[in-house]
Amino acid sequence: MRLIDHLRRLFGRGERAPALREHMLSCHGPHGSHKMAYVEWGATDSPNVLICVHGLTRNCRDFDFLAEAMLDRYRVICPDIAGRGRSNWLTHPQDYGFPLYASDMRALMAHVGAETVDWVGTSMGGLIGMLIASETPAAVRRLLLNDVGPLLTAQSLQRIGQYTGNAPLFDDVGAAEAYIRMTSATFGKLTDMQWRHLTIYSIRQRPDGKYEMTYDPSIAMPFRQTTVYADVDLWPVYDAIKCPTLVIHGAESDLLTADTVRRMAERGPKAKTVDIPGVGHAPMLMDDAQIGIVRNFLLDR
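Using the numbering used here, read the sequence shown as starting at 49 and increasing by one per residue.
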C-alpha cells in the first residue's frame with residue numbers, strides 16, 4: 049500500500065463512513081468526453097438530494113464532515129469538477145470555465161435522477177449553483193453560497209491567480225501540508241486533523257515518489273490570459289434567483305465584501321446572511337458550528 053493510501057485510511061473519513069461510494073460519470077465538452085468523479089453518501093432512494101460543490105482548487109472530499117452530518121436527511125452528492133480531484137484533466141485547457149462546469153453538473157443531476165436539489169457551493173461551487181438556479185429555477189430548492197457572491201473583487205482574483213497556476217512538488221506529506229496551511233491560511237483555525245484531511249485528499253504520489261497537487265495547473269488559464277483590473281459583476285445572474293438563499297460570509301474574506309453581502313440581502317432572492325468571525329476565504333464547513341448553520345438553513349429551522 050502506498051503511503052498516501054495508508055494516510056487516507058488513518059486520517060480520512062472513509063473508514064468512519066461506510067455509506068460513501070465513489071463513482072465516475074462520462075461528460076461531454078467542446079472537445080470530446082471527459083470523466084467526472086463524484087462521491088455519494090446515503091440511501092440512493094432518498095427523495096432529498098443535496099449537492100455540494102467545492103472551490104476553485106479544492107475537491108469533493110472537503111465536504112466529508114458536512115456529508116456525514118446530513119446523512120439522516122439526504123442523499124449527498126459531491127463532485128470533483130473537471131481538472132480536480134479524481135476527475136480527468138481536460139485536453140484543451142481553454143475549456144475550463146463555467147459553461148462546461150454547469151453543463152457537467154446538469155449531466156450529474158440527470159444521472160442521479162434528481163430534478164430538484166438543495167445546493168451548497170463554496171466559492172466556485174457557489175457560482176455554478178447561482179448559474180443553474182438562475183437559469184432553471186425549479187432545479188434548486190434551496191441555495192447556500194459559501195463566501196461567494198455576484199461581485200468578485202479584482203484584488204481577490206489577482207491573489208487567486210498568483211497561486212492557482214503553480215505546480216509545486218513535495219518530498220513528503222508534511223511538506224505538502226505546510227504548503228497547504230500557508231496558501232489556505234484564510235480557511236481559519238482548523239484542527240490538525242482537519243488540515244491533515246485536506247492535505248491527504250489534495251495531493252497524490254507520482255511514480256518518482258514525490259507528491260503533487262490533485263488539480264490541473266491549467267485551470268488558471270483564465271487568470272493568465274487577462275490581467276484582472278476590475279471587479280467581476282454577476283448581479284443579473286443573482287437577481288434572477290428565486291429560491292431561498294443563504295450566504296455564509298468569512299468576515300475577513302477578500303473575495304466577498306461586507307458591502308456585497310449587505311446588497312445580497314436587499315435584492316434578488318434577498319438572502320439570509322451569516323458572518324463567520326476570524327475566517328477569510330472560505331469557511332470550510334467542517335466544525336460543528338458551521339455545519340449547524342448549514343443544517344438549520346437546509347432543514348428550514
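Beta carbons are placed, not taken as given, at the ideal position from N, Cα and C, and that holds for glycine.
Assigned secondary structure, Gly-62 (DSSP; H/G/I helix, E/B strand, else coil): Only weak support exists for where Gly-62 lies, its pLDDT of 47 falling under 50; the coordinates are left without a value.
His-299 (DSSP reduced to helix, strand or coil): The amino acid occupying residue 299 in the given sequence is Ala; His does not appear at that position. Reduced to three states, the DSSP call for Ala-299 is coil.
Terminal residues of the beta strand (DSSP E) in which Ala-85 lies: That run of the beta strand (DSSP E) goes 80-89.
Beta-carbon contacts of Gly-340 that lie in its chain and below 6 angstroms, excluding the five residues immediately before and after: none
Beta-carbon proximity of Asp-165 to Val-196, cut-off 8 angstroms: Looking at the sequence itself, residue 165 is Val, so the reference to Asp does not match. Taking 8 angstroms as the Cβ cut-off, Val-165 and Val-196 do not qualify as a contacting pair.
6 angstroms CB neighbourhood of Gln-338 in its chain, flanking five on each side removed: Pro-331
Closest by C-alpha distance to Leu-294, when choosing among Leu-138, Ala-319, Asn-107: Ala-319
Contact belief for Ile-228 with Ser-250 at Cβ below 8 angstroms, rounded distance in angstroms: 6 angstroms
Cβ neighbour criterion (16 or more within 10 Å) applied to Val-342: buried
Cα-Cα separation, Ala-150 to Tyr-259: 30 angstroms
Those residues which DSSP pairs with Thr-321 across a bridge: Val-295
Residues of its chain near Gly-326, where Cβ-Cβ distance is below 8 angstroms and the 5 sequence neighbours each way are ignored: Closer than 8 angstroms at the Cβ level, and outside the excluded window around Gly-326, lie Gly-236, Lys-237, Ala-299, Glu-300.
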